[in-house]
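Report on the structure given below.
4 protein chains.
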Amino acid sequence: MTPPEEPAKKACLDRRNQVLDAASECFCALGFHGASIATISKSAGMSAGHIYHYFENKEAIIAAIVERDLNEVLGIFEQVSNAEDVLQAFLNRTSQGIDAKLDRKASALKIEVFAEAGRNAKVEETLLRVDRLVSAKILEIIQSARRDLPPLSEAELRARGEVLGALFHGLMLRSLCNRNIDRRALLSVLEPTIRALMVA
Amino acid sequence: MTPPEEPAKKACLDRRNQVLDAASECFCALGFHGASIATISKSAGMSAGHIYHYFENKEAIIAAIVERDLNEVLGIFEQVSNAEDVLQAFLNRTSQGIDAKLDRKASALKIEVFAEAGRNAKVEETLLRVDRLVSAKILEIIQSARRDLPPLSEAELRARGEVLGALFHGLMLRSLCNRNIDRRALLSVLEPTIRALMVA
Amino acid sequence: MTPPEEPAKKACLDRRNQVLDAASECFCALGFHGASIATISKSAGMSAGHIYHYFENKEAIIAAIVERDLNEVLGIFEQVSNAEDVLQAFLNRTSQGIDAKLDRKASALKIEVFAEAGRNAKVEETLLRVDRLVSAKILEIIQSARRDLPPLSEAELRARGEVLGALFHGLMLRSLCNRNIDRRALLSVLEPTIRALMVA
Amino acid sequence: MTPPEEPAKKACLDRRNQVLDAASECFCALGFHGASIATISKSAGMSAGHIYHYFENKEAIIAAIVERDLNEVLGIFEQVSNAEDVLQAFLNRTSQGIDAKLDRKASALKIEVFAEAGRNAKVEETLLRVDRLVSAKILEIIQSARRDLPPLSEAELRARGEVLGALFHGLMLRSLCNRNIDRRALLSVLEPTIRALMVA
DNA sequence: AATGAATGAGCCTTCATTCAT
DNA sequence: TATGAATGAAGGCTCATTCAT
Numbered sequence: 731m732t733p734p735e736e737p738a739k740k741a742c743l744d745r746r747n748q749v750l751d752a753a754s755e756c757f758c759a760l761g762f763h764g765a766s767i768a769t770i771s772k773s774a775g776m777s778a779g780h781i782y783h784y785f786e787n788k789e790a791i792i793a794a795i796v797e798r799d800l801n802e803v804l805g806i807f808e809q810v811s812n813a814e815d816v817l818q819a820f821l822n823r824t825s826q827g828i829d830a831k832l833d834r835k836a837s838a839l840k841i842e843v844f845a846e847a848g849r850n851a852k853v854e855e856t857l858l859r860v861d862r863l864v865s866a867k868i869l870e871i872i873q874s875a876r877r878d879l880p881p882l883s884e885a886e887l888r889a890r891g892e893v894l895g896a897l898f899h900g901l902m903l904r905s906l907c908n909r910n911i912d913r914r915a916l917l918s919v920l921e922p923t924i925r926a927l928m929v930a
Numbered sequence: 731m732t733p734p735e736e737p738a739k740k741a742c743l744d745r746r747n748q749v750l751d752a753a754s755e756c757f758c759a760l761g762f763h764g765a766s767i768a769t770i771s772k773s774a775g776m777s778a779g780h781i782y783h784y785f786e787n788k789e790a791i792i793a794a795i796v797e798r799d800l801n802e803v804l805g806i807f808e809q810v811s812n813a814e815d816v817l818q819a820f821l822n823r824t825s826q827g828i829d830a831k832l833d834r835k836a837s838a839l840k841i842e843v844f845a846e847a848g849r850n851a852k853v854e855e856t857l858l859r860v861d862r863l864v865s866a867k868i869l870e871i872i873q874s875a876r877r878d879l880p881p882l883s884e885a886e887l888r889a890r891g892e893v894l895g896a897l898f899h900g901l902m903l904r905s906l907c908n909r910n911i912d913r914r915a916l917l918s919v920l921e922p923t924i925r926a927l928m929v930a
Numbered sequence: 731m732t733p734p735e736e737p738a739k740k741a742c743l744d745r746r747n748q749v750l751d752a753a754s755e756c757f758c759a760l761g762f763h764g765a766s767i768a769t770i771s772k773s774a775g776m777s778a779g780h781i782y783h784y785f786e787n788k789e790a791i792i793a794a795i796v797e798r799d800l801n802e803v804l805g806i807f808e809q810v811s812n813a814e815d816v817l818q819a820f821l822n823r824t825s826q827g828i829d830a831k832l833d834r835k836a837s838a839l840k841i842e843v844f845a846e847a848g849r850n851a852k853v854e855e856t857l858l859r860v861d862r863l864v865s866a867k868i869l870e871i872i873q874s875a876r877r878d879l880p881p882l883s884e885a886e887l888r889a890r891g892e893v894l895g896a897l898f899h900g901l902m903l904r905s906l907c908n909r910n911i912d913r914r915a916l917l918s919v920l921e922p923t924i925r926a927l928m929v930a
Numbered sequence: 731m732t733p734p735e736e737p738a739k740k741a742c743l744d745r746r747n748q749v750l751d752a753a754s755e756c757f758c759a760l761g762f763h764g765a766s767i768a769t770i771s772k773s774a775g776m777s778a779g780h781i782y783h784y785f786e787n788k789e790a791i792i793a794a795i796v797e798r799d800l801n802e803v804l805g806i807f808e809q810v811s812n813a814e815d816v817l818q819a820f821l822n823r824t825s826q827g828i829d830a831k832l833d834r835k836a837s838a839l840k841i842e843v844f845a846e847a848g849r850n851a852k853v854e855e856t857l858l859r860v861d862r863l864v865s866a867k868i869l870e871i872i873q874s875a876r877r878d879l880p881p882l883s884e885a886e887l888r889a890r891g892e893v894l895g896a897l898f899h900g901l902m903l904r905s906l907c908n909r910n911i912d913r914r915a916l917l918s919v920l921e922p923t924i925r926a927l928m929v930a
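Residue numbers (the numbering used here), protein chains in the order written: chain A, 731 to 930; chain R, 731 to 930; chain L, 731 to 930; chain G, 731 to 930.
What follows is the structure in structure tokens.
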């Protein structure tokens, strides 16, 4: 009922983030439905009722987390996109990307987001919105990497973007199936694959 | 009056599958938490209480569905693995694979499974067990496709398997982000990528 | 979620009425907001959750009570309307009408209904719907009593109906203000007033 | 710097009335339970916490409003009672009385008060206390109007007062049932009725 | 005087599960 | 085998009220 005002005070924002951090952790461990407001409030060191001073409802907490996480991803792609040699920048980031995707906790939360998007319009909207931005960035990156190559058809360009996306998204799911993925070997397989998808 | 054992058992199994089918549909549309036993029972044309004659609890229904779905996947890979020309068989299946992954409802359920695995030991066990089998099949397939090529190191082989897996798993997530994926273009990008991962 | 089916069983209807009776009592004593579902369920000898097998929600309980009470009133006016000498029948009922209105418990509940109608669309709808029927009956009664008199204009007829209605409705409020109303004296004042409103 | 006592007290009273006005409006629109302290404080342009500097609790706000409203009514009857020709004065006020009673918002609040009186001792006490005063005034008015007529028995006098009271109280309830009451026709029916109750 | 962060109790509602029939 | 009445434990959320500032 009391959504935070525009020029919210720092203390207020801190408290808000405190909720977000606690909720993130709880959602990771228990899922969106498994983590109750009571759980989160306990983890955030705050009464359950007070959480509603910072968020309209549980869904809004989820949406805020989703927004935060997705924007982080968006930031990374923007960095890559701004690099001199985008292909190289992309490949350089890949290693860190792998580490991120293979972090089971983090992946579990991301997967939760995808699952939630199927039933929660607000989450879906956020997911789609940010994904559109990220996808656009990826297409930019591919085109930028192919500066000296003949341009691709729109359809092919988009398809390559989707496959690249699938590759990284898919690693999250793999991390949940296999705890012992060999990062080094993975990287050595991923690199030529990415290179091929971008500049072949 | 009572029919002999065998048919009775069959009727029982049919009834069980009836629940599983109904539950599958409900879970697809509503998620594991969104679909209540009442919902499922209504959809299965059976009283809520009676469902407990066939399943110990809701978790068991989920586990059974996961088991069934994963075994289906396993079956597909076994078929491919038994083909004359495995690479070609794999590529042939890819088109159908794409259709399956881009079915948003079905993907939503699969994703739900992954999310659930993080909190539900039984589901995780099933997921890991079947995934181990599927992964092994994939490795077989790769090796079979490379019959005339120098063998890969264990690590590289596994990594290629993971990347192939990520590719397909990832498509499910992509389907949730983008409703308008161009199947044909996707296939034309996927084919050389898969080929490269298997026989390059 | 489980609204009662059309051919509901008797036991089920009994149980439903059991809730209605308990709720009526609780609402009388505590008001619609003061009486919680827990209170009602305790008073009905039933778990709180089970109440939702008979009513979609608390509002539906309120609506059912309102409906039941108002229909009772409607029935009385229908009886009067069907009498040989409606004026006399009306006057005869007046005494019982007074008793009903001066029953503080019953009046408190009715007043609660009026108050609730201001904020609860479903209750308002029920109140208005039944009141329309009752009002129409009253107009019929007046006209019937004036069979041998010159007809009234539509406006005057309606106004007389409203004043008659106000008289009885108002008694409920009076009963809440004054515990010691002299029924006999009241009747002797009411009778000529009603007579004048109907046949003067 | 601090202003002298008197004005300070006045400012305090003003602030108090500011709360009362805001609360009145909120209660009209939302009912006693529907209007939260937060709602009221927002409407009063004051923090929720600060309201507790002026009122012990929500109940006290309700009681104060009831007191204020009832005293207004009392004032009106006192004016009538002091008029030269009380019957005429009463009839003159009737038109305004009708307007007041047919104001649905205002009536809803009054009804709310009656409902609340059933559960809230403080409200009931106020209601009864003021009603006693008002009733006494009405009896005075009747007697004064009958100056040249034979006196009524105590019981009959009181009964006439109750019926007059019921008439006006009842109009509030009628206004909630029927939005389209014809004021003019109502007045023309009410006038002879009142006249009869007072001087017949 | 004034704020608004903070609490905690309580409310309505849902749902997995059990059990008498 | 089959039903559905019944329970009880949460869960999300609201709100009167308090208190440090």
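C-beta: ideal position from N, C-alpha, C; glycine also.
| query | Are Ser811/G and Glu870/G close, meaning C-beta to C-beta below 7 Å? | reply | Yes, the Cβ-Cβ distance between Ser811/G and Glu870/G is below 7 Å.
| In the structure shown, what three-state DSSP assignment does Gly848/G receive? | Of the three classes helix, strand and coil, the one that applies to Gly848/G here is coil, per DSSP.
| message | What does the alpha-carbon distance come out to for the pair Arg849/R and Leu804/R? | response | Rounded to the nearest angstrom, the gap between the Cα atoms of Arg849/R and Leu804/R is 24 Å.
| query | DSSP state of Ile911/G, grouped into three classes? | reply | In this structure, Ile911/G counts as coil in the three-state DSSP scheme.
| For Pro733/R, three-class secondary structure by DSSP | A caution first: Pro733/R carries a pLDDT of 44, below 50, which makes its placement in the model unreliable, though a value can still be read off. Pro733/R: coil per DSSP, three-state reduction.
| field | Reference Val796/A, options Ile841/A, Arg876/A and Ser771/A, closest by Cα | value | The residue from Ile841/A, Arg876/A and Ser771/A with its alpha-carbon nearest to that of Val796/A is Ile841/A.
| Distance, Cα to Cα, Lys852/R vs Val843/R? | If you take the alpha carbons of Lys852/R and Val843/R, they lie about 11 Å apart.
| What are the residues of the stretch 884–901 of chain L that lie near chain G, defined by any Cβ-Cβ distance shorter than 8 Å? | Cβ contacts with chain G: Ala885, Glu886, Arg888, Ala889, Arg890, Glu892, Val893, Gly895, Ala896, Leu897, Phe898, His899, Gly900 and Leu901.
| task | Kindly say whether Glu842/L, judged by its beta-carbon, lies nearer than 7 Å to any beta-carbon of chain G. | result | At a cut-off of 7 Å between C-beta atoms, Glu842/L counts as an interface residue with respect to chain G.
| What in chain R is Cβ-close to Cys907/A, meaning under 7 Å? | Chain R residues near Cys907/A: Leu857, Leu858 and Asp861.
| request: Step through the CB atoms of chain L and report whether any lies within less than 7 Å of the CB of Asp912/G. | output: For Asp912/G, the closest Cβ of chain L is nearer than 7 Å.
| Is Ser766/L near Val816/L, with beta carbons less than 7 Å apart? | Pairing Ser766/L with Val816/L gives a Cβ-Cβ distance that is not under 7 Å.
| field | Gly895/A, DSSP secondary structure in three states | value | DSSP places Gly895/A in helix when its eight states are reduced to three.
| query | Whose C-beta lies closer than 7 Å to the C-beta of Phe762/A among residues of the same chain, with five residues either side of it excluded? | reply | These residues qualify, in order along the chain: Ile792, Glu842 and Glu846.
| Do you know how far the Cα of Ser837/R is from the Cα of Ala759/R? | Their Cα atoms are separated by approximately 11 Å.
| task | Label Asp878/G either buried or exposed according to how many other C-beta atoms from any shown protein chain fall within 10 Å of its C-beta, with 16 as the threshold for buried. | result | Exposed.
| message | List, in chain order, every chain A residue whose beta-carbon is nearer than 8 Å to that of Thr923/R. | response | Going along chain A in sequence order, the residues near Thr923/R (Cβ under 8 Å) are Val893, Thr923, Ala926 and Leu927.
| said: With a threshold of 7 Å between beta carbons, is Ala851/A in contact with chain R? | reply: False, the Cβ-Cβ gap to chain R never drops below 7 Å.
| query | Are the C-beta of Thr732/G and some C-beta of chain L separated by less than 7 Å? | reply | Bear in mind that a pLDDT of 42 at Thr732/G, under 50, signals an unreliable position, so the model cannot answer this.
| For Arg904/L and chain G, any beta-carbon pair shorter than 7 Å? | With 7 Å as the cut-off, Arg904/L counts as an interface residue toward chain G.
| Just by C-beta distance, which residues in the stretch 768–780 of chain R are closer than 8 Å to chain A? | Of all residues in the stretch 768–780 of chain R, none has a C-beta nearer than 8 Å to a C-beta of chain A.
| request: Reducing DSSP to helix, strand and coil, say where Ala790/G ends up. | output: Ala790/G: helix per DSSP, three-state reduction.
| task | Give a yes or no on whether the minimum CB-CB distance between Val919/L and chain G is below 7 Å. | result | Among the CB atoms of chain G, one or more fall inside 7 Å of the CB of Val919/L.
| Ordered along the chain, which non-local residues of its own chain (more than five positions away) have a Cβ less than 6 Å from that of Leu800/G? | Excluding sequence neighbours, Leu800/G sits near Val860.
| Span separating the alpha-carbon of Thr732/R from that of Ser777/R | Reliability of the predicted coordinates at Thr732/R is poor, the pLDDT of 41 falling under 50, and no value is obtained from them.
| request: Please classify Asp833/R: does DSSP put it in a helix, a strand, or coil? | output: Reduced to three states, the DSSP call for Asp833/R is coil.
| By Cβ distance, which residues of its chain are closer than 8 Å to Asp833/A, with the 5 residues on each side in sequence left out? | The residues are Ser905.
| query | How about Leu903/A and His899/R: do their beta carbons lie closer than 7 Å? | reply | Yes, the pair counts as a contact, with Cβ atoms nearer than the cut-off.
| request: Using only alpha-carbon positions, find the residue among Tyr782/L, His783/L and Ala753/L that is nearest to Asp769/L. | output: Per the sequence presented here, residue 769/L reads as Thr, with Asp not at that position. Of the residues Tyr782/L, His783/L and Ala753/L, the one whose Cα lies closest to the Cα of Thr769/L is Ala753/L.
| task | Using a Cβ cut-off of 7 Å (strictly closer), state whether Leu821/G contacts chain L. | result | Not an interface residue.
| said: Taking the straight line between their C-alpha atoms, what separation do you get for Asn908/L and Leu901/G? | reply: So the alpha carbons of these two residues sit roughly 18 Å apart.
| Residues in the stretch 746–764 of chain R having any Cβ partner in chain A nearer than 7 Å | Residues passing the 7 Å Cβ filter: Leu760, Gly761, His763 and Gly764.
| query | Since Leu750/G and Arg823/G are thought to touch, with beta carbons under 8 Å apart, how far apart are those beta carbons, to the nearest angstrom? | reply | Leu750/G to Arg823/G, Cβ: 25 Å. No contact.
| request: Kindly indicate if chain L contains any beta-carbon less than 7 Å away from that of Gly848/G. | output: Contact of Gly848/G with chain L is assigned, a C-beta pair being separated by under 7 Å.
| message | For a cutoff of 7 Å on Cβ pairs, would you count Leu916/G as touching chain L? | response | Any Cβ of chain L closer than 7 Å to the Cβ of Leu916/G would place that residue at the interface, and such an atom is present.
| said: I'd like to check one pair, Ile828/R with Arg913/R: are the Cβ atoms closer than 7 Å? | reply: Closer than 7 Å, so yes.
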